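Asker:
Residue numbers (our numbering): 1 to 47.
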């Protein structure tokens, strides 16, 4: 698991995660939290 905390400006932001940091393959879920919204999405890690 990787936790990224920070204050980001409104609009487009990008966080890059390497497969080696997650040590997992397949379908993973990630969560984005803000003061007004919590969003959970999925991503697929391929070999």
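Even for Gly, the Cβ is constructed at its ideal location relative to N, Cα and C.
Values in this document were obtained by computation on a predicted structure and should not be read as measured data.
Along the alpha helix (DSSP H) that carries residue 56, what are the first and last residues, could you check?
Answerer: Here the chain covers residues 1 to 47 and nothing more, so residue 56 does not appear.
Asker: Entirely within the segment 1 to 46 and at least 3 residues each: give me those beta strand (DSSP E) ranges in chain order.
Answerer: Counting only runs of 3 or more, we get 26 to 33, 38 to 45.
Asker: For residue 40, which option in 3, 30, 12 has the closest C-alpha, if you only look at C-alpha atoms?
Answerer: Measuring from the Cα of residue 40, the nearest candidate turns out to be 30.
Asker: Measure the alpha-carbon distance for residue 23 versus residue 44 and round it to whole angstroms.
Answerer: Their backbone Cα atoms lie some 13 Å apart in a straight line.
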